[in-house]
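As structure tokens, the structure follows; a few thoughts come after it.
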């Protein structure tokens, strides 16, 4: 897809507020001159992270669900004393997840509130970014545009006591009103696509002597939140992230949760005894407290369908991954390596370690496309641009290949996924998707001059160690399950 087509699609999926059908979307694309089939339009809607599927072939965008909906948060004592708030995860899942917390535009009484750089404690930062989940909290904090002193790579040595982050002055949000600890900030999204959030103060209605209506309503809110989450666990499982878990929750419980008497997710987690953060491989999810988050379940069909692992793996592959494999070959060829074959069988094996994933006809088509793409990349190849990241890419591809081969061993074994250790299977899946994401970033030529080689190398080191830890466990489980499949003939 070209740049113009991508823009047309993204504009529709980030700005349409009403419920629509595949036909509506298809007609819009055709009217804008986009050459697309109805099947293509349907596929775009079903894979887009901006869209929820409804019944009767209807869809609604996240913009349509969350624009104008009420949510709130209670600033910490430290923030109130300093007179500045940070946003962190507090607008999740109401804002576009592609908009980082430091880029959110805060508006109050029709005026844009300018952000400032403010030093806060690392403890507050960790608490306020917690919903991004294990493995993502620190990157979000250290990549803040106002953190110019402490690089993420320094964390392996020691954690700083304080950090400078993007903050917004409470005085400008509240105007002439005094803001005290215990007061809240009531919010709603004004423009989802641009990340504009309207904020206003909400006084604490609690009293030592009288239980206010608002306090009663907030207790009911906590109850709706808890019941909605428990139902969502059964229906959607752990989802792809905590952000997606919360998106499903608020989509399905808008009327009960998006009220002016709402609480916040972080307050709910401190309030409930049934739900908390639980490990999910190298990440974390909100789940039933003390219960291991499973990889398989009714929500993904992996508890019954033995071929779904390979299907999921095939769907995760992107053209950028194939480009990375081909550019690695070109790099080796330019350096005079003698073992570079011209038949591209090695490329096919890296993409599909288990040939059962594709038919012979699909294999011939893929091979043809690989040869054509290789010719294009060889003509475009810039050795000077590629050199700084070539060895790092080779390392990422090494991990990608090892993970793919193990994934295919398990997926092609005919053994149901729920017979394997669940956390190790989760980690394997996460390593695969993380490796794919790293390869996509490496292949982004616009990023190369500023590519964070040190940070990626550090992250990759952790991923390699993690794979070494889990691969033995999964291989042992695979052999054990295969052994159980044998039956002695008497």
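Residue numbers (our numbering): 17 to 506.
From the three backbone atoms N, C-alpha and C, an ideal C-beta is built for every residue, glycine too.
Just so you know, these numbers come straight off a predicted model, no measurement behind them.
Query: Under 8 angstroms by Cβ, that's how I've got residue 433 and residue 312 pegged, so tell me the actual separation to the nearest angstrom.; Result: 5 angstroms
Query: Please check the pair residue 217 and residue 179, which I expect to be a contact at CB under 8 angstroms, by giving their CB distance rounded to whole angstroms.; Result: 26 angstroms between Cβ atoms; not a contact.
Query: On a Cα-Cα basis, can you pick out the residue from 425, 449, 437 and 461 that is closest to residue 404?; Result: 461
Query: What beta strand (DSSP E) runs, 3 residues minimum, are completely inside the region 102 to 153?; Result: 121 to 124, 127 to 129 and 132 to 137
Query: Could you give the distance in angstroms between the alpha-carbon of residue 33 and the alpha-carbon of residue 134?; Result: 35 angstroms
Query: Check this for me: beta carbons of residue 187 and residue 126, under 8 angstroms apart or not?; Result: no
Query: Mapping the DSSP letters down to three states, classify residue 503 as helix, strand or coil.; Result: Here the model assigns residue 503 a pLDDT of 42, short of 50, so the residue's position is not dependable, and the following value carries that caveat. Reduced to three states, the DSSP call for residue 503 is coil.
Query: Here's the rule I'm using: 16 or more other beta-carbon atoms within 10 Å means buried, otherwise exposed. How should residue 505 be labelled?; Result: Residue placement at residue 505 is poorly supported in this model, since its pLDDT is 42, which falls under 50; the coordinates still yield a value, given next. Exposed.
Query: Out of 316, 314, 310 and 291, which one is the CA nearest neighbour of residue 304?; Result: 291
Query: Could you tell me the boundaries of the alpha helix (DSSP H) in which residue 261 lies?; Result: 258 to 268
Query: Where in the region 368 to 409 do unbroken runs of the alpha helix (DSSP H), each at least 4 residues long, occur, reported from the N-terminal end onward?; Result: 376 to 396
Query: Which residue spans inside the region 50 to 88 form an unbroken alpha helix (DSSP H) run of at least 4?; Result: 54 to 63 and 78 to 82
Query: Beta-carbon within less than 6 angstroms of residue 198's beta-carbon, same chain only, minus the 5 sequence neighbours each way: which residues are those?; Result: 220
Query: Under 8 angstroms: do the region 43 to 57 and the region 250 to 262 share three or more Cβ pairs, one atom per stretch?; Result: no
Query: Can you list, in chain order, the residues of its chain with a C-beta nearer than 8 angstroms to that of residue 360? Leave out the 5 residues immediately preceding and following it.; Result: 383, 386, 387 and 390
Query: Leaving aside the five residues before and after residue 474 along the sequence, list all residues of the same chain whose C-beta is less than 7 angstroms from its C-beta, in chain order.; Result: 169 and 172
Query: Out of 89, 63, 377 and 86, point me to the one whose CA is closest to residue 77's CA.; Result: 63
Query: Determine, using beta carbons only, whether residue 89 and residue 200 come nearer to each other than 8 angstroms.; Result: yes
Query: By DSSP's criteria, residue 36 is part of a beta bridge. Which residues make up the other side?; Result: 75
Query: Please list, in chain order, all residues of the same chain as residue 123 whose beta carbon is under 8 angstroms from its beta carbon, the five residues on each side excluded.; Result: 129, 206, 212, 213, 214 and 215
Query: Might you give, ordered along the chain, the residues of its own chain that have their beta carbon closer than 6 angstroms to the beta carbon of residue 459, omitting 5 neighbours on each side?; Result: 336, 339 and 340
Query: Less than 8 angstroms between C-beta atoms, sequence neighbours within five positions excluded: which residues of the same chain meet that for residue 16?; Result: Here the chain comprises residues numbered 17 to 506, so residue 16 is not present and cannot be evaluated.
Query: Classify residue 20 as buried or exposed, calling it buried when 16 or more other Cβ atoms lie within 10 Å of its own Cβ.; Result: exposed
Query: Buried or exposed: residue 139, going by 16 or more other Cβ atoms within 10 Å of its Cβ?; Result: exposed
Query: Within the chosen definition, does the region 41 to 56 reach the region 79 to 95 through at least 3 CB pairs nearer than 8 angstroms?; Result: no
Query: Take residue 66 and list the residues in its own chain whose beta-carbon comes closer than 7 angstroms to its own, dropping the five residues that flank it on each side.; Result: 29, 30, 77 and 78
Query: Any idea if residue 399 is buried or exposed, counting beta-carbon neighbours within 10 angstroms, 16 or more meaning buried?; Result: exposed
Query: Based on Cα-Cα distance, which residue from 254, 149, 35 and 299 lies nearest to residue 482?; Result: 299
Query: Report the rounded CA-to-CA distance for residue 509 versus residue 108, giving the unit in angstroms.; Result: This structure cannot speak to residue 509, because the chain is shown only from 17 to 506.
Query: Are residue 104 and residue 91 close, meaning C-beta to C-beta below 8 angstroms?; Result: no
Query: Do we get a CB-CB distance below 8 angstroms when we pair residue 47 with the residues of chain D?; Result: Absent here is chain D; the protein component of the structure consists of one chain.
Query: Distance, Cα to Cα, residue 277 vs residue 151?; Result: 32 angstroms
Query: According to DSSP, simplified to helix, strand and coil, what is residue 253?; Result: coil
Query: Taking the alpha-carbon of residue 402 as reference, which of 295, 342 and 375 has the nearest alpha-carbon?; Result: 342
Query: On the criterion of 16 or more Cβ atoms from any shown chain inside 10 Å, does residue 366 qualify as buried, or is it exposed?; Result: buried
Query: Is it right to say residue 503 is buried, meaning 16 or more other beta carbons lie within 10 angstroms of its own, or is it exposed?; Result: Confidence in residue 503 is poor, its pLDDT being 42 and thus under 50, which makes the residue's placement too unreliable to answer from.
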